[in-house]
Amino acid sequence: MIDYHMHGDFCGHARGELEEYVASALEKGFREIGFSAHLPKVIDPDPYHAMLEEDLPRYVDLVNDLQERYRSDIVIRLGIEADYFEGHEEKTERLLDAHPFDYVLGSVHFLDDWHFTSRAGLPRYERENPSSVFPRYYDLLGRMIDTGLFDIVAHADAITREDFRPVAPLDRLYRDIARRLKAKGMALEVSTVGLRRGAGSIYPNEEFLGICIGAGVPLTLGSDAHAPEDVGRDYDKAFEILQKLGAREIATYEARRMRLRPLADFNVA
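Residue numbers (the working numbering): 912 to 1180.
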């Protein structure tokens, strides 16, 4: 099995030292994992939601140390999750280029001043209009992809909640995202975090995921673990969906180069 989305105590909303995540992965039989702590925010630094810039070298050194110490037991990749802030691409690129990441997850957590994935942002769902929010979200996601700064789109359709869903079909927007991912040679993360964050499904939803698979978009796997016990959580459900939709391969990364491997290599035992 493989999990490319794990955090650890480099932000205030996750817990557990990185080595605890390694231990959890080993206990569950994982063959490859990747850490993806939150890149320092390029606007409004916030240690609760992302590490501060001075912590980034320590994070890189710690992952490198774990790679060496566990090299005979498990493959550990140095990843990072970077928020997309339009207009701040140059600073984002500078931070990413300063370290030898194996892959970069690109994420959209903000629509203007609305941090919709935060606890503080949840009440705002009650006054937002899905008919305008979903097109805005996918437009921003597409512009993030077009920058070419990222390797993988993390938890696409994270704007969705069980009680906040599209009021009109979004297949045209899904196909546009799939086209842009394919054009940039990027992968799409299949994330189980939606099952425990109130979305009622994995990210992306089955329709969106099926369109991307049909378009030949590569896939990665991630639990978005913010605690050691969440490593690989709900993977049985993710693999069930992937097999139903006809997925055949999983993308792995090293030094920001993609390699496609058979899905069966990473299946849940």
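Beta carbons: idealized from backbone N, C-alpha and C, even for Gly.
Owing to the predicted nature of the structure, the values given are computational and were not obtained by experimental measurement.
Asked: N-terminal and C-terminal residue of the alpha helix (DSSP H) that Tyr981 is part of; Found: First-last for Tyr981: undefined, no H or E at that position.
Asked: Cβ neighbour criterion (16 or more within 10 Å) applied to Glu997; Found: exposed
Asked: Segment limits, beta strand (DSSP E) that includes Gly1133; Found: 1130–1133
Asked: Through-space distance from His1020 to Thr1058, alpha-carbon basis; Found: 17 Å
Asked: Bridge partner(s) assigned by DSSP for Arg1170; Found: Thr1163
Asked: Alpha carbon of Glu992 to alpha carbon of His960, nearest angstrom; Found: 11 Å
Asked: Integer Cβ distance of Phe1150 from Ile913, believed to fall under 8 Å; Found: At roughly 11 Å, the Cβ-Cβ gap does not stay under 8 Å, so Phe1150 and Ile913 are not in contact.
Asked: Buried versus exposed, by CB contacts within 10 Å (16 or more), Ala1094; Found: exposed
Asked: Sub-9 Å separation of Gly924 and Gly1133 beta-carbons; Found: One detail in the question is off: residue 924 reads as His in this sequence, not Gly. For His924 and Gly1133, no; Cβs fall outside 9 Å.
Asked: Neighbourhood of Leu1174 by C-beta distance below 7 Å, restricted to the same chain and skipping five residues each side; Found: Leu1153, Ala1158, Arg1159, Glu1160, Ile1161
Asked: Status (buried if at least 16 other CB within 10 Å, exposed otherwise) for Arg1144; Found: buried
Asked: Where Ala993 falls: helix, strand or coil (DSSP); Found: strand
Asked: Separation of Asn975 from Glu1039, as counted between CA atoms; Found: 43 Å
Asked: Cβ shell of Leu1084 (< 6 Å), same chain only, five flanking positions each side left out; Found: Tyr1049
Asked: Contact under 9 Å by Cβ, Thr1163 with Asn1116; Found: no
Asked: Whole-angstrom distance between Val1101 and Gly1017, CA atom to CA atom; Found: 13 Å
Asked: Residues that DSSP places opposite Glu943 in a beta bridge; Found: Ile913, Val986
Asked: Boundaries (first-last residue) of the beta strand (DSSP E) holding Ser1102; Found: 1098–1102
Asked: Residue from Arg1172, Arg1167, Leu1171 with nearest C-alpha to Phe1012; Found: Arg1167
Asked: Arg988 classed as buried or exposed, judged by whether at least 16 other C-beta atoms fall within 10 angstroms; Found: buried
Asked: Beta-carbon proximity of Met1169 to Val1128, cut-off 9 Å; Found: no
Asked: Contact set for Arg941: own chain, Cβ-Cβ below 8 Å, skip 5 residues either direction; Found: It is worth fixing the name first, because residue 941 is Phe in this sequence and not Arg. Met912, Ile913, Asp914, Ile985, Val1142, Gly1143.
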